[in-house]
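Here's the structure we're looking at; comments come further down.
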Amino acid sequence: MQVDWIFGLFGGIIIGTAAALLLLFNGRVMGASGIIGGLVDGSGKSDWKERALFIAGLAIAPAIAAAFQGGAQTNLTDNYIAIIAAGLLVGIGTRLANGCTSGHGVCGISRLSLRGIVATCFYIGAGGLTVLIFKHLLGVI
Amino acid sequence: MRQLVSLISGAIFGLGLLISGMTNTEKVQGWLDVFGAWDPTLAFVMGGAIVPMAIAWQYSKKRSPVLAPSFPAPPKPEIGRNLIIGSTLFGMGWGLVGLCPGPAIASLSFGGVHGLSFVVAMIIGMLLAPKLRTHLDQRLRPS
Numbered sequence: 006m007q008v009d010w011i012f013g014l015f016g017g018i019i020i021g022t023a024a025a026l027l028l029l030f031n032g033r034v035m036g037a038s039g040i041i042g043g044l045v046d047g048s049g050k051s052d053w054k055e056r057a058l059f060i061a062g063l064a065i066a067p068a069i070a071a072a073f074q075g076g077a078q079t080n081l082t083d084n085y086i087a088i089i090a091a092g093l094l095v096g097i098g099t100r101l102a103n104g105c106t107s108g109h110g111v112c113g114i115s116r117l118s119l120r121g122i123v124a125t126c127f128y129i130g131a132g133g134l135t136v137l138i139f140k141h142l143l144g145v146i
Numbered sequence: 024m025r026q027l028v029s030l031i032s033g034a035i036f037g038l039g040l041l042i043s044g045m046t047n048t049e050k051v052q053g054w055l056d057v058f059g060a061w062d063p064t065l066a067f068v069m070g071g072a073i074v075p076m077a078i079a080w081q082y083s084k085k086r087s088p089v090l091a092p093s094f095p096a097p098p099k100p101e102i103g104r105n106l107i108i109g110s111t112l113f114g115m116g117w118g119l120v121g122l123c124p125g126p127a128i129a130s131l132s133f134g135g136v137h138g139l140s141f142v143v144a145m146i147i148g149m150l151l152a153p154k155l156r157t158h159l160d161q162r163l164r165p166s
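Below is the structure:
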């Protein structure tokens with residue numbers, strides 16, 4: 006717990022560096038939901054290779070790193086109803102809002118985008134309320 | 024060349040998510056659990072990520088990207104209904120299991136069948152989003 010924030014800060018700087026690289030070289034905002042969404046719904050057909058390669062890197066690099074450190078844990082719930090409901094909500098919500106934690110959060114807040122700041126307040130607020138209700142009041146997660 | 028940059032950026036992003044602990048849903052839900060055992064790690068991750076990106080945005084002013092004609096224009100500052108509703112729905116799903124799109128992909132190799140199920144549901148949700156958007160636009164006009 007005590008050293009977690011150091012890993013958090015270090016990992017965060019690495020995440021921001023990835024976003025800066027994509028911006029300064031390709032002129033693109035690094036938003037995970039936009040990159041994935043444009044690939045699956047066909048709206049990003051013109052640059053589908055870039056999107057696919059970004060997603061490939063995103064999946065493969067942690068796979069290699071996790072293998073080296075002897076595996077990693079997601080500690081994801083095994084409640085299938087929660088998993089499917091959450092997946093649908095995250096998919097619909099991020100596309101409706103045109104961004105998620107990386108696009109609105111990292112890339113939006115860092116340019117002081119009002120949209121990014123407002124979106125981040127709403128998803129953190131909704132997330133906090135959801136944990137309060139489903140963990141502490143209902144006790145299902 | 025743009026494709027290589029995309030691959031490298033995705034790889035660095037994935038490593039950052041793993042190192043920061045954001046592929047661990049307990050840490051994400053811990054951050055959202057204000058009334059329980061609150062875990063501040065996510066704030067350090069977000070703060071750390073914003074620093075290089077803020078420098079990059081500053082640097083981008085009056086310049087062009089290395090491999091593209093121009094930087095993306097700032098989005099219209101309007102706070103629309105879709106932004107509010109979408110972010111709220113996203114936050115509910117995020118709180119429920121502790122996964123958002125980036126970490127969901129980054130943890131595919133070790134997330135097992137549950138992690139894969141989340142990604143499949145997320146993709147279905149992404150395909151449903153335009154229908155909901157159209158529905159909202161028709162039902163709730165004017166915004």
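If you read the protein sequences in the order shown, they are chains A and B.
When we follow our numbering, the leftmost residue of the first sequence carries the number 6, and every step to the right adds one.
When we follow our numbering, the leftmost residue of the second sequence carries the number 24, and every step to the right adds one.
Beta carbons are placed, not taken as given, at the ideal position from N, Cα and C, and that holds for glycine.
Legend entry - Secondary structure of A57(A), DSSP reduced to three states: If DSSP states are grouped into helix, strand and coil, A57(A) belongs with the helices.
Legend entry - Given L112(B) as reference, the closest of I89(A), I40(A) and A102(A) once Cα atoms are compared: Distance check between L112(B) and each of I89(A), I40(A) and A102(A) places A102(A) closest, using alpha-carbon atoms only.
Legend entry - Burial state of Y128(A), where buried means 16 or more other Cβ atoms lie within 10 Å: A residue is called buried when at least 16 other Cβ atoms come within 10 angstroms of its Cβ; Y128(A) meets this threshold and is buried.
Inset, instruction - Report the residue ranges of all alpha helix (DSSP H) runs contained in full by the stretch 58 to 112 of chain A; include only those spanning at least 4 residues, in chain order. - result: Runs found: 85 to 101.
Inset, instruction - Give the DSSP-derived three-state secondary structure of N47(B) in the structure shown. - result: Note: N47(B) maps to coil in three-state DSSP.
Legend entry - Contact set for V8(A): own chain, Cβ-Cβ below 7 Å, skip 5 residues either direction: Within the same chain, V8(A) has no close Cβ partners at all.
Legend entry - 9 Å Cβ cutoff met for F36(B) and A129(B): Taking 9 Å as the cut-off, the Cβ atoms of F36(B) and A129(B) count as close.
Legend entry - Residue environment, K85(B), which counts as buried when at least 16 other CB atoms sit within 10 Å: Its Cβ having fewer than 16 others within 10 Å, K85(B) is exposed.
Inset, instruction - Compare the Cα-Cα distances from V142(B) to each of S38(A), G16(A) and A24(A) and report the closest residue. - result: Ranked by Cα distance from V142(B), the options S38(A), G16(A) and A24(A) are led by S38(A).
Legend entry - Whether G130(A) touches G121(A) by CB criterion (9 Å): Pairing G130(A) with G121(A) gives a Cβ-Cβ distance that is not under 9 Å.
Inset, instruction - Rank L28(A), I41(A), L29(A) and I18(A) by C-alpha distance to the C-alpha of C123(B) and give the top, closest one. - result: Of the listed residues, the one whose Cα sits closest to C123(B) is I41(A).
Legend entry - the stretch 115 to 137 of chain B: positions lying closer than 9 Å to chain E by Cβ: You won't find chain E in this structure, because its protein chains are A and B.
Inset, instruction - Tell whether a beta-carbon distance below 9 Å holds between P153(B) and D46(A). - result: Between P153(B) and D46(A), the C-beta gap is smaller than 9 Å, which places the two residues in contact.
Legend entry - Cross-chain neighbours of Q26(B) in chain A, by beta carbon under 7 Å: K54, E55 and L58, listed in chain order.
Inset, instruction - Could you name the residues of chain A that L55(B) contacts, counting a contact when the two beta carbons are closer than 8 Å? - result: Ordered by position in chain A, the residues that pass the 8 Å Cβ test against L55(B) are I129, G132, G133, T135 and V136.
Inset, instruction - Indicate whether at least one CB of chain A lies closer than 9 Å to the CB of L112(B). - result: So, interface residue.
Legend entry - Residues near G21(A) in its chain [Cβ-Cβ closer than 8 Å; skip 5 each side]: Only V111 and S115 meet the Cβ criterion.
Inset, instruction - Round the Cβ separation of A87(A) and I146(A) to the nearest angstrom and send it over; I've been treating them as touching at under 8 Å. - result: With a Cβ gap of about 6 Å, A87(A) and I146(A) count as contacting.
Inset, instruction - Identify each residue in the stretch 71 to 84 of chain B for which the Cβ-Cβ distance to at least one residue of chain A is less than 8 Å, and report them in chain order. - result: Hits within the stretch, in order: G71, A72, I73, V74, P75, M76, A77, I78, A79, W80, Y82 and S83.
Inset, instruction - For Q52(B), return the contacting residues in chain A, with the cut-off set at a CB-CB distance below 7 Å. - result: Within 7 Å Cβ-Cβ: V136.
Inset, instruction - Between the Cα of S169(B) and those of S51(A), F73(A), I65(A) and K140(A), spot the shortest distance and give me the residue it belongs to. - result: As shown, chain B starts at 24 and ends at 166. That puts residue 169(B) outside it, with no answer to give.
Inset, instruction - Compare the beta carbon distance of D56(B) and V95(A) with 9 Å and say whether it is the shorter of the two. - result: Taking C-beta atoms as the reference points, D56(B) and V95(A) fail to come closer than 9 Å.
Legend entry - Which listed residue (V120(B), L119(B) and G114(B)) has its alpha carbon closest to that of G104(A): Taking only the C-alpha atoms, the option nearest G104(A) is G114(B).
Inset, instruction - Go ahead and pull the three-state DSSP assignment for K99(B). - result: Coil, per DSSP.
Legend entry - chain A within 9 Å of L40(B), Cβ atoms only: At least one CB of chain A lies nearer than 9 Å to the CB of L40(B).
Legend entry - First and last residue of the uninterrupted alpha helix (DSSP H) at V34(A): Counting along the chain, V34(A) falls outside any alpha helix (DSSP H), and DSSP gives it neither H nor E.
Inset, instruction - Output the boundary residues of the alpha helix (DSSP H) element that contains K154(B). - result: In the DSSP assignment, K154(B) falls within the unbroken alpha helix (DSSP H) covering G135 to R162.
Inset, instruction - State the Cα-Cα distance for the pair G49(A) and T64(B), rounded to the nearest angstrom. - result: Approximately 33 Å between the Cα atoms of the pair.
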